[in-house]
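Quick look at the structure:
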């Protein structure tokens, strides 16, 4: 290919990859049957809003499109920061809650709070717009993250609303490294502001004061995580080692593989603690764990990066079906 045609081809590939549109913001209370949580005495039922679910689907799809549409190292690198942006933001909020509350239990409906023995329900709303391949000309797309949590008692009455937000503009040219830095900076700022608001809530502090014990929980839901999911150790970095971690819970025509994605996330955290650099871990879950995503990482990403000194770790958590 003549050298002068390469920039035009690269721009065309960029346009092809940027076809994912951010979902519209919706009312986080839509469809709920109730209208309306540091809280070391409180167990919080964590309820993701539709915006949060959309953000997780949006960034996973965006990352998968970026990797599948253009088979270049630029986009394989780009898939990580963008494809995991909502997962990391959601995980940061969960970690914050785990530090400030007695325990955290994920629920799918507000009325489940009482059944799992929670004291309060937190409706978590995550809305984000991220820089990606279609962000040309420069300056048209920033990393924007809005967080809010509506805390409700078990009768649905609103106790308080905690918010945090951040906007970060990536530098130009908009390289994967600069977009990664912008997303990480926006996430850190938004979660930090959210955490300060949580710790300064007088209404939640008043609600957390000693009172009659809650009724014993019914065995209808599992705890969000356990101590084994969060490594308490940290080893030196192993820059030559790589890992592909896959977790799939939902299948067509097969029973769900319960906890598969949670187990894969725990393995990723332990790999980080063992010294595997974040950049050397390909983490695929949900829609991103497609056959195309696996093929890209195993047949292209690994061969292009591993050396004779490398150790490659592969982990899969999900269903296994026998083909007859």
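Numbering (the numbering used here), first residue to last: 2 to 325. Note that beta-carbon positions come from the ideal geometry of N, C-alpha and C, so glycine has one too.
> Would DSSP call residue 186 helix, strand or coil?
Replying inline: DSSP places residue 186 in helix when its eight states are reduced to three.
> Taking all protein chains shown into account, do 16 or more other C-beta atoms lie within 10 angstroms of the C-beta of residue 236, making it buried, or fewer, making it exposed?
Replying inline: Residue 236 comes out exposed.
>> To the nearest angstrom, how far is the alpha carbon of residue 150 from that of residue 177?
In response: So the alpha carbons of these two residues sit roughly 31 angstroms apart.
>> Within a Cβ cutoff of 7 angstroms, which residues of the same chain sit near residue 127, ignoring the five residues on either side of it in sequence?
In response: Contacts found: 52, 53, 56, 87, 90, 91 and 148.
> Counting Cβ pairs, one atom from each stretch, are 3 or more of them under 8 angstroms apart for the segment 181-188 and the segment 153-171?
Replying inline: Yes: the two stretches touch, three or more of their Cβ pairs being nearer than 8 angstroms.
>> For residue 300 and residue 244, what's the separation of their Cα atoms in angstroms?
In response: Rounded to the nearest angstrom, the two C-alpha atoms are 13 angstroms apart.
>> With a threshold of 7 angstroms between beta carbons, is residue 269 in contact with chain D?
In response: This model lacks chain D altogether, as it is built from one protein chain only.
>> By DSSP's criteria, residue 260 is part of a beta bridge. Which residues make up the other side?
In response: Residue pairing by DSSP places residue 260 in no beta bridge whatsoever.
> Across which residues does DSSP place residue 318 in a beta bridge pair?
Replying inline: Residue 318 is bridged to 248.
> Nearest to residue 307 by CA position, among 98, 287 and 240, is which residue?
Replying inline: In terms of CA proximity to residue 307, 240 leads the group 98, 287 and 240.
>> Which residue wins for smallest C-alpha separation from residue 193, given the options 124, 182 and 94?
In response: Ranking 124, 182 and 94 by Cα distance to residue 193 puts 94 first.
> Of the residues 278, 203, 249 and 263, which one's Cα is nearest the Cα of residue 231?
Replying inline: When each option's Cα is compared against that of residue 231, the closest is 263.
>> How far does the alpha helix (DSSP H) with residue 292 in it extend, from its first residue to its last?
In response: Segment 292-296, the alpha helix (DSSP H) holding residue 292.
> Run through DSSP, which three-state label would residue 8 get?
Replying inline: Note that residue 8 scores a pLDDT of 42, beneath 50, so its modelled location is shaky; the value from the coordinates is reported in the next line. Helix, per DSSP.
> CB residue 285 to CB residue 294, shorter than 7 angstroms?
Replying inline: Contact: yes.
> With residue 123 and residue 47 assumed to form a contact (beta carbons below 8 angstroms), what rounded beta-carbon distance in angstroms separates them?
Replying inline: The distance from the Cβ of residue 123 to that of residue 47 is about 6 angstroms, consistent with a contact at the 8 angstroms cut-off.
> Can you list the alpha helix (DSSP H) stretches of 4 or more residues lying completely in the segment 87-175, in chain order?
Replying inline: Entirely contained in the segment 87-175, the alpha helix (DSSP H) runs reaching 4 residues are, in chain order, 113-116.
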